[in-house]
Amino acid sequence: MLSVLLPVYNFDVRPLATQLHGQCLAAGIPFEIICIDDCSDDHWQALNRGLEALEHVAYRELEANIGRSAIRNLLAKSAVYPYLLFLDCDSGIIRTDFIRAYADQLTPDAILYGGRQYSALPPADPSMYLHWLFGVRREALPVGIRQKAPYDRFMTNNFLAPKSVMERIPFEEKLRQYGHEDTLFGFELKRASIPIRHLDNPVEHLGLEPAEVFLDKTRKSVENLAVVHRLQPELETSLLKWGKRFHLLSPPSAVSRQLLSNLRQRLISGKPRLFLLDAYKLLVFLSIPK
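Residue numbers (my numbering): 1 to 290.
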């Protein structure tokens, strides 16, 4: 019935896998949990190797990192059941009936997306505040808001798909860098008229990162968005729309570098503002050679 698929990279996935294992047993459904480690550091691999002691759990390590898209495709190919539940390895289960809530909604012709939440309290470490603020304001959206724009509000952190859909529309493996594989996947689903149904079944994002790391990943995601746009020129996001409006006003490279440095310093400060993050993304996009 259900294959639970966990791409693992530099994170202790044991608590997540153990909770999912218990919920699958309680639900009384045929299931498997597949964890594939995408060449994590030795420390994390040593922690996670005990997972195979759990019944119906498979754990595997790759010798080389293949990226976020390719590992999801590999997980889908490895699955034996007709429904695939993809979860990021840094997810925290909120509902005690998380698995049952998905199992009760299975449909052969639609994607189910459960959503994402962040802790209601800001992190004690101030360096994590920017990531938390972005998550709370931009990603942790209630189901009613997400359903108004089902494809635009889709993310790959917590979704269930029929295996037949994943065989028809795999993730684009040309995207090796971090970011926007979910944007392209959502676009492909929309073009194929495959509906996305949004559920109130979120997981908590546990993997908050320091502002320096978060901004580095943000830059990579913007660069990846440019790759996505070259692959699918008709795809649109708010950043792409703003980029088209301002492309003639791109500052000289020396000015751009200084502006980016100034914005970065302000975002790393104790009181970042999301409009500055938006400006940072736009400036990164405008600085990408066309």
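Where is the CB? At the ideal position from N, CA and C, for every residue including glycine.
Is residue i helix, strand or coil by DSSP?
i, result
"G270", "coil"
"N262", "helix"
"L248", "Because L248 carries a pLDDT of 48, less than 50, the predicted location of this residue cannot be relied on, and no value is offered for it."
"V13", "coil"
"I29", "coil"
"A192", "coil"
"R197", "strand"
"S40", "coil"
"L184", "helix"
"P64", "The displayed chain sequence assigns Ala, not Pro, to residue 64. The answer is coil: DSSP assigns A64 none of H, G, I, E or B."
"L240", "helix"
"L6", "strand"
"L208", "coil"
"L175", "coil"
"C24", "helix"
"L47", "helix"
"L286", "helix"
"F159", "strand"
"D152", "coil"
I need the boundaries of the alpha helix (DSSP H) containing residue i, first residue and last residue.
i, result
"G92", "Not the alpha helix (DSSP H): G92 falls in the beta strand (DSSP E), residues 91 to 93."
"N224", "211 to 231"
"E167", "163 to 168"
"G144", "143 to 148"
Tell me, to the nearest whole angstrom, how far the beta carbon of residue i is from that of residue j; I am working on the premise that it is less than 8 Å.
i, j, result
"I34", "L75", "6 Å"
"L335", "S91", "This structure leaves residue 335 out entirely; the chain is present only between 1 and 290."
"H205", "N157", "7 Å"
"L282", "V228", "The pair is not a contact, with the Cβ atoms about 16 Å apart (cut-off 8 Å)."
"I94", "V203", "6 Å"
"L231", "K190", "Their Cβ separation, rounded to whole angstroms, is 15 Å, which puts L231 and K190 out of contact at 8 Å."
"L334", "F214", "The structure shown does not extend to residue 334, since the chain spans only 1 to 290, so no value can be given for it."
Could you check the C-alpha separation between residue i and residue j for me, to the nearest Å?
i, j, result
"F98", "L259", "45 Å"
"E236", "G50", "43 Å"
"A161", "L106", "9 Å"
"L248", "L286", "In this prediction, L248 has a pLDDT of 48, which is less than 50 and means its spatial position is unreliable; what the coordinates show is noted afterwards. In a straight line, the C-alpha of L248 is about 9 Å away from that of L286."
"R273", "L121", "17 Å"
"R176", "G144", "33 Å"
"P82", "Y178", "28 Å"
"R14", "V80", "22 Å"
"Y118", "E61", "29 Å"
"K148", "I196", "11 Å"
"D293", "F154", "Within the shown structure, residues of the chain are numbered from 1 to 290, placing residue 293 beyond reach of any answer."
"F31", "I268", "44 Å"
"G270", "I29", "47 Å"
"L104", "L6", "A small fix is needed here, since residue 104 is Asp in this sequence, not Leu. Taking the straight line joining both Cα atoms gives about 21 Å."
"A64", "N224", "21 Å"
"S40", "N10", "5 Å"
"L277", "L85", "32 Å"
"P123", "G22", "29 Å"
"R168", "G135", "31 Å"
"A53", "A27", "20 Å"
"K163", "G186", "16 Å"
"E212", "Q45", "25 Å"
"Q265", "K217", "16 Å"
"K220", "V165", "28 Å"
"R146", "N48", "34 Å"
"V222", "T18", "35 Å"
"D12", "G67", "18 Å"
Let's see if you can read the secondary structure: which residues bound the beta strand (DSSP E) around residue i?
i, result
"V57", "57 to 61"
"S136", "Correcting the residue identity first, residue 136 is Val in this sequence and not Ser. It is not in any beta strand (DSSP E) - V136 carries neither H nor E in the DSSP assignment."
"E204", "203 to 205"
Does the Cβ of residue i lie closer than 6 Å to at least one heavy atom of the ligand FAD?
i, result
"H205", "Questions concerning the ligand FAD fall outside what the structure shown contains, since it holds no ligand whatsoever."
(request) Starting from the N-terminal side, write out each stretch of the beta strand (DSSP E) that is 3 residues or longer and does not extend beyond the stretch 68 to 121. (result) If we require 3 residues or more, the beta strand (DSSP E) runs fully inside the stretch 68 to 121 come out as 83 to 87, 91 to 93, 111 to 113.
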